[in-house]
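J.:
Numbering (the numbering used here), first residue to last: 206 to 443.
1) Buried or exposed: where does residue 443 fall if 16 or more other Cβ atoms within 10 Å of its Cβ makes it buried?
2) Could you give the DSSP three-state label for residue 313: helix, strand or coil?
3) Does the beta-carbon distance from residue 367 to residue 338 come in below 9 Å?
4) Kindly identify the DSSP beta-bridge partner or partners of residue 286.
5) Between which two residues does the alpha helix (DSSP H) harbouring residue 369 extend?
6) Judging by CA-CA distance, which residue of 253, 219, 380 and 326 is the nearest neighbour of residue 226?
7) Cutting at 6 Å between CB atoms, please list the residues of its own chain near residue 393, excluding the five before and the five after it.
8) In whole angstroms, what separates the C-alpha of residue 237 from that of residue 306?
9) Can you give me the Cβ contacts of residue 325 inside the same chain, cut-off strictly under 7 Å, excluding the 5 residues immediately before and after it?
10) Between the alpha carbons of residue 239 and residue 345, how many angstroms are there, rounded?
11) For residue 210, which residues does DSSP report across the bridge?
12) For residue 282, does the count of other Cβ atoms within 10 angstroms reach 16, so buried, or fall short, so exposed?
13) What do you get for residue 257, buried or exposed, if any count of 16 or more other CB atoms within 10 angstroms of its CB means buried?
14) Going by the beta-carbon positions, is the gap between residue 385 and residue 412 smaller than 9 Å?
15) Closest to residue 398 by CA distance: which of 381, 416 and 387 is it?
16) Thinking just about the alpha-carbon of each residue, which of 274, 331 and 292 is nearest to the one in residue 317?
17) Following the continuous alpha helix (DSSP H) through residue 274, name the residue where it begins and the one where it ends.
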């Protein structure tokens, strides 16, 4: 399975093809689906200023628009704590207010209130993508009361920027969470993303590409657009 992370906290200043407006999100999601992605992950942006937000109006508008445009596409959003700086309680309140929740959301085990937020997500019928950056994060997941109910585990190698060490960490995390029996999705960050993704494919894992993870290609030049990145991986799988 290929997931494409469309934008994250990036702007047009980082890459001209980063989708920010609602129309751009819908267009990119449709094109990624056509290129072979089964899932898209995005951070909804406020219409007023383009800033990331967890508020219900912003979220519902974006999720409903993408779902209407591409009905078969899995929609993933984020609960990252630095999107809205109100603490774990504010994130929980935001999730409870969503009228058009995404299919799944990423939940970082390293962040404050992850256990409580995970319980709320499941109560709301939203799947958990458990974000695991390190082996200690993997241990935190294993001890979570809902660990065996996660939709998938995100093996997110975002703090290791040397290729061999990044791949080794991905394998270490994957091995640690394997007893859960849940699907694992691998991705890296910046220059290592392509290496980690290719290693994930070799290991038979789901993978993630997209401009949130890297605005660079393997050679350090500007990366192709989100649909083009999906097409590259789809071609490798064909």
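Backbone N, C-alpha and C fix where the C-beta goes; we use that ideal spot for every residue, glycine too. None of these values were measured; they are calculated from a predicted model.
T.: Let me spell this out:
1) Here residue 443 is taken as the residue at index 238 of the chain shown, counted from 1. Classification of residue 443: exposed, given that the 10 Å Cβ count is below 16.
2) In the chain shown, the residue the question calls residue 313 occupies position 108. In the structure shown, residue 313 sits in a strand (DSSP, three-state: E or B).
3) The count along the chain shown starts at 1 and reaches residue 367 at position 162. The count along the chain shown starts at 1 and reaches residue 338 at position 133. Cβ atoms of residue 367 and residue 338: not closer than 9 Å.
4) The residue you call residue 286 lines up with position 81 of the chain shown. DSSP lists no partner for residue 286.
5) Start at 1 with the first residue of the chain shown, and residue 369 comes out as number 164. Judged by DSSP secondary structure, residue 369 falls within the alpha helix (DSSP H) whose first and last residues are 368-382.
6) Stepping through the chain shown from its first residue, residue 226 is reached at position 21. Comparing Cα positions, the closest option is 253.
7) As a first step, residue 393 must be located in the chain shown, where it is residue number 188. The beta carbon of residue 393 is closer than 6 Å to those of 362, 371 and 401 in its chain, skipping five residues each way along the sequence.
8) Position 32 of the chain shown, counted from the first residue, corresponds to residue 237. Position 101 of the chain shown, counted from the first residue, corresponds to residue 306. Taking the straight line joining both Cα atoms gives about 21 Å.
9) Position 120 of the chain shown holds residue 325. For residue 325, same chain residues with a beta-carbon under 7 Å away, outside a window of 5 residues either side, are 297, 300 and 301 in chain order.
10) Here residue 239 refers to the residue found at position 34 when the chain shown is read from its first residue. Here residue 345 refers to the residue found at position 140 when the chain shown is read from its first residue. The alpha-carbon separation between residue 239 and residue 345 amounts to approximately 37 Å.
11) The residue labelled residue 210 in the question sits at position 5 within the chain shown. Residue 210 is bridged by DSSP to 246.
12) Numbered from 1 along the chain shown, position 77 holds the residue referred to as residue 282. By the neighbour-count rule (16 or more Cβ atoms within 10 Å), residue 282 is buried.
13) In the chain shown, counting from the first residue as 1, residue 257 sits at position 52. Counting Cβ neighbours within 10 Å, residue 257 comes out buried, since at least 16 surround it.
14) In the chain shown, the residue the question calls residue 385 occupies position 180. In the chain shown, the residue the question calls residue 412 occupies position 207. No.
15) For the purposes of this step, residue 398 is taken as the residue at position 193 of the chain shown. Minimum Cα distance to residue 398 is reached at 416.
16) To locate residue 317, count along the chain shown from 1; it is residue 112. Each of 274, 331 and 292 was checked against the Cα of residue 317, and the nearest Cα belongs to 292.
17) Stepping through the chain shown from its first residue, residue 274 is reached at position 69. Boundaries of the alpha helix (DSSP H) harbouring residue 274: 261-274, taken from the DSSP string.
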